[in-house]
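Residue numbers (my numbering), protein chains in the order written: chain F, 17 to 567; chain S, 22 to 220. Yeah, the Cβ is synthetic: ideal placement off N, Cα and C, and Gly gets one too.
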Amino acid sequence: MSTAIAFLLAATFVISVGGLGLLIWALVNDQFTMGKRAAQTIFGTDEVGRVEDPATPADTRAEMQRERGEIADRGQQGLEDRAARVRADRSSRTPVTWWLASSLVWLVLGSIIGLIVSMKFHMPDWLVNDPALTFGRLRPAHLNLVAYGWASMAGVGVGIWLIPRLFKVTLQGPAYATAGAIIWNVGIFLGTAALLTGYSDGMEWLEFPWPIDITLVVGGALAAVPLILSLLKRRVQHLYVSAWYLLAALIWFPMLFVTANLPNLFSGVEQSMLNWWYAHNVLGLWMTPLGLAAAYYMIPKIVGAPIYSYSLSLVGFWALALFYSQVGLHHLIGGPVPTWAVTISIVHSVMMVIPVVAVAVNHHMTVAPHWRLLLYSPTLRFVVLGAVMYTAASLQGSMQALRSVNEITHFTHYTVAHAHLGLYGFLTYIMFGAIYFIMPRLTGREWPYPKAITAHFWLVFVGFAVYFIFLSIGGWLQGLAMQDPSRPFMESVTLTLPYLEARSVGGAIMTLGHVVFAVHAFIALSRSGPVRDDAALFRRPAAQSPAGGSA
Amino acid sequence: MTRALGIVAAAAMILLFAALMIVVMPSIQLQASVRPPEGLKPYSESALVGRDVYVSLGCVYCHSQQPRDPSLGPDAIRGWGRAAVPADFIYDSPHLLGTMRTGPDLLNIGARQPSVDWHMTHLYNPRAVMPESIMPAYPFLFEVKEEAGPRDIVVNLPDDFAPDGGVVVARPAARDLVQYLLELDRTYPVDEIPVEEAD
Ligand code: HEM
Ligand code: HEM
Chain F
17 MSTAIAFLLA
27 ATFVISVGGL
37 GLLIWALVND
47 QFTMGKRAAQ
57 TIFGTDEVGR
67 VEDPATPADT
77 RAEMQRERGE
87 IADRGQQGLE
97 DRAARVRADR
107 SSRTPVTWWL
117 ASSLVWLVLG
127 SIIGLIVSMK
137 FHMPDWLVND
147 PALTFGRLRP
157 AHLNLVAYGW
167 ASMAGVGVGI
177 WLIPRLFKVT
187 LQGPAYATAG
197 AIIWNVGIFL
207 GTAALLTGYS
217 DGMEWLEFPW
227 PIDITLVVGG
237 ALAAVPLILS
247 LLKRRVQHLY
257 VSAWYLLAAL
267 IWFPMLFVTA
277 NLPNLFSGVE
287 QSMLNWWYAH
297 NVLGLWMTPL
307 GLAAAYYMIP
317 KIVGAPIYSY
327 SLSLVGFWAL
337 ALFYSQVGLH
347 HLIGGPVPTW
357 AVTISIVHSV
367 MMVIPVVAVA
377 VNHHMTVAPH
387 WRLLLYSPTL
397 RFVVLGAVMY
407 TAASLQGSMQ
417 ALRSVNEITH
427 FTHYTVAHAH
437 LGLYGFLTYI
447 MFGAIYFIMP
457 RLTGREWPYP
467 KAITAHFWLV
477 FVGFAVYFIF
487 LSIGGWLQGL
497 AMQDPSRPFM
507 ESVTLTLPYL
517 EARSVGGAIM
527 TLGHVVFAVH
537 AFIALSRSGP
547 VRDDAALFRR
557 PAAQSPAGGS
567 A
Chain S
22 MTRALGIVAA
32 AAMILLFAAL
42 MIVVMPSIQL
52 QASVRPPEGL
62 KPYSESALVG
72 RDVYVSLGCV
82 YCHSQQPRDP
92 SLGPDAIRGW
102 GRAAVPADFI
112 YDSPHLLGTM
122 RTGPDLLNIG
132 ARQPSVDWHM
142 THLYNPRAVM
152 PESIMPAYPF
162 LFEVKEEAGP
172 RDIVVNLPDD
182 FAPDGGVVVA
192 RPAARDLVQY
202 LLELDRTYPV
212 DEIPVEEAD
């Protein structure tokens, strides 16, 4: 067996590196004929150099523009491009509103449950009389609510909103996506109810009973229909990199979700490998592409500058596909699974540094020359912070996959801190930013209370810093204690208590931030707050607006 | 259009390839070589019900079931057992390997703690036997009766934890769960597990 294994190991490595080499060759030799022009597709005429942030009041936006450099008014073509985009935004309004508004409800619910779970760590006799409120039921309810209710729904909503802008058409078949949101919501509701009443498939990330998973498959498929229909009608020469991520995520998620949820495919150790193949891919090939697709659009749009290197973004994309898909077994390091397979995953986890650095250079170098815009734009702050956390979470992940580090951190709260750095610091922050950018286009008005945006930012920023820093330290110490045979196991339990209490404090502050955000969003959606500025940029295309502003 | 199709097709191929590498290949290897250990009986009917209770109450979120090799940690020294091997899990579905050790590993809890009494008290309130434990209490697995019936399992409780009147007895779910815990015992030596070379 061992020669065969050595051969396989070598083969995967060669194929992965070979694939990357091929891509770099293709780029160097300009096989893609994309480069600059492709990076510009997301801008209309006369738009590069123009900042854009509909979540800031008009006067701040003017200051932002001065900071970025003055720019001439739009010409005729520029106005037409903008009008076309306003039409595109209108066409996606109903489904996007459904997906985003639903995601906010699940975010708040998931956060409250997360907070209860956190408090139960240091208050083990609290809420113990009802089995629906026991730790082991609320814990998967939290994960599934935030992963499938919040992160996935927000990601899909932002994705649907991006489609007509990326393809320069009106959204084709929006009603499918609206129906998809409704069915997906039914799935989240039933799945959570099932978990709380004790019906679970038992595997992490796959807890919803499989019959309920069918609703997510149908809802997701319906949401994909407009993507495909719009793609067929598209009026752009180049597919912008965000579209690459969206298209790939579209095929990856159903493949993963359906395979992993097939009942009784495997048992025992084989099942654990399927479980973690799924669970890391749902992060790497579903949530991450959704987050990156949004970041690749929002960052250049807000600062009004094309992405730093378009070729680099393609390297990042394919390297991510090649390497992320193989990392799942780093969740089973030291477990009873074949060591060679775990080694494949560890090697690929380290190779993930390549796409991560590619994306990091691209994102951060696009922002760097214009960093002062961060002072004005809350949207940019969220998205850029999210992009920084992506880099951080990923580099941390690569370290954590090394056997020497993993043996300390594997079974500890350190992993949970990493999980939140990824799903919260990266994905959630980017979704916050994207929603601040998108919502005014749905309502046709600015956000009613700019101060609420600032409050939201600082609450989740401070809250998450407390959450992450304390939990990481606590988890690391927990791991050291657990690995030291001279210390009793109970020491690794008791020493974490102050850190777990700090996590509850951080989590409470984050949850408060989410409530502020959700309430603000629903006031905006119901159009009941003060009308501060019915900015020209949101008006119907018929009412020709004066040149100037952005859209 | 062809470019879009190319992206989607290549993306799908890459994922299939990955599944082949890290799920299908190792599974083929295991299915070809793993045989049931003689020292491991399939779970009893009560233990299977108890296993469902374990899944339903989410014990897996705090307890792993996979002692590691001594080179990776002092699991054996803590009494959690020898390193787990694939054959230990052939009767397990869903798998419950776990990813957290908020509490200790449980793959051999039946050997380490074979007392029904201890488990009952511990489940009713962990702090009755381990004052520093942060494990949740599971009072809903028990009921308070005036007087125990002939077949009831009565939970022994220190005064601080006992109800004001009556006795605490185990509900069926608690009995099954404890039966499952007692059957968590993979202490048979590895070299007695039959192996078949894959090639
Ligand atoms: C708002 C405050 C939040 C609090 C207080 C909180 C708290 C918690 C707690 C206590 C756990 C259980 C950890 C364990 O079992 O050891 C957890 C797990 C998790 N949470 Fe959160 N959470 C919050 C928000 C979020 C958000 C917004 C997301 C994602 C978008 C998220 C994603 C996760 C994930 C993926 C896990 C599983 C971690 C693992 O298995 O390692 N959480 N959270
Ligand atoms: C290069 C990229 C990354 C690598 C190599 C990596 C590596 C890892 C490793 C080794 C673990 C398992 C730790 C253990 O159980 O001992 C882990 C857990 C986790 N990672 Fe990452 N990570 C990366 C990026 C990310 C990103 C970007 C996200 C979020 C989108 C993320 C989310 C998570 C979550 C949620 C878990 C906990 C899973 C669970 O136990 O339920 N990771 N990661």
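From the listed residues F:Thr72, F:Ile349 and F:Phe205, the smallest Cα separation to F:Trp463 is found for F:Thr72.
Below the 8 Å Cβ cutoff, chain S contributes no neighbours of F:Phe269, its closest Cβ being approximately 10 Å away.
Excluding five sequence positions before and after S:Asp109, the CB atoms of its chain that fall closer than 6 Å to its own CB belong to Arg207, given in chain order.
Annotation: Cβ neighbours of S:Asp90 in chain F (cutoff 9 Å, chain order): Gly350. It is roughly 5 Å from the alpha-carbon of S:Gln200 to the alpha-carbon of S:Ala68. Bridge partners of S:Phe163 according to DSSP: S:Ala191. Here the alpha carbons of F:Thr186 and F:Arg103 stand approximately 7 Å from one another. Leaving aside the five residues that flank F:Met415 on each side, the residues in its chain whose CB is nearer than 8 Å to its CB run, in chain order, Val421. Cβ-Cβ separation between F:Gly171 and F:Trp200: approximately 12 Å, too far for a contact (criterion under 8 Å). When secondary structure is reduced to three states using DSSP, F:Val285 falls in the helix class. Comparing alpha-carbon positions, the option among F:Glu223, F:Phe505, F:Ile446 and F:Gln188 lying closest to F:Ile315 turns out to be F:Ile446. S:Arg24 and F:Asp217 have their C-alpha atoms spaced approximately 39 Å apart. Under the criterion of beta carbons closer than 8 Å, F:His426 and F:Ile349 qualify as touching, at roughly 6 Å. Around the beta-carbon of F:Glu63, 16 or more other beta-carbon atoms lie within 10 Å, marking it buried.
If you check the CB distance, F:Leu475 and F:Gly529 come in under 9 Å. Going by C-alpha positions, F:Trp334 is about 36 Å away from S:Ser54. Distances between the C-beta of F:Ala409 and the heavy atoms of ligand 2 include at least one below 8 Å.
Less than 9 Å separates the beta-carbon of F:Gly344 from that of F:Tyr294.
Excluding its 5 nearest sequence neighbours in each direction, F:Tyr430 has C-beta neighbours in its own chain below 7 Å: Ser488, Gly491, Trp492 and Gly495, listed in chain order. Around the C-beta of F:Leu396, 16 or more other C-beta atoms lie within 10 Å, and the residue is accordingly described as buried. Between the alpha carbons of F:Thr231 and F:Gly130 lies a distance of about 24 Å.
Close to S:Gln134, with beta-carbon spacing below 9 Å, lies no residue of chain F; the smallest spacing is near 13 Å.
For S:Val175, the secondary structure class from DSSP, reduced to helix, strand or coil, is strand. The three-state secondary structure of F:Val531, taken from DSSP, is helix. Shortest Cα-Cα distance from F:Arg181 to any of F:Leu243, F:Arg155 and F:Ala163 involves F:Leu243. With a threshold of 9 Å between beta carbons, F:Pro242 makes no contact with chain S. Look at S:Met121: its beta carbon is less than 8 Å from one of the heavy atoms in ligand 1.
With respect to S:Gln134, S:Ala105 sits apart: the two C-beta atoms are not nearer than 9 Å. Taking 8 Å as the cut-off between beta carbons, none of the residues of the segment 163-179 of chain S comes near chain F. The closest CA to that of F:Ile198, considering only F:Ala537, F:Ser107, F:Trp115 and F:Thr150, is found on F:Trp115. Interface criterion met: the Cβ of F:Gln342 is under 9 Å from a Cβ in chain S. For chain F, the residues of the segment 105-138 of chain S that bring a beta carbon within less than 9 Å of one of its beta carbons are Ala105, Val106, Pro107, Ala108, Asp109, Phe110, Ile111, Tyr112, Asp113, Ser114, Pro115, His116, Leu117, Leu118, Gly119, Thr120, Met121, Arg122, Thr123, Gly124, Pro125 and Asp126, in chain order. Setting aside the 5 residues that flank it on each side, F:Gln188 is surrounded in the same chain by Pro242, Leu245, Ser246 and Lys249, each with a C-beta closer than 7 Å to its C-beta; the list follows chain order.
In the structure shown, the three-state DSSP call for S:Val150 is coil. Spatial neighbours of F:Gln499 in its own chain (CB-CB distance under 8 Å, excluding positions within 5 residues in sequence) are listed in chain order as Glu423 and Ile424.
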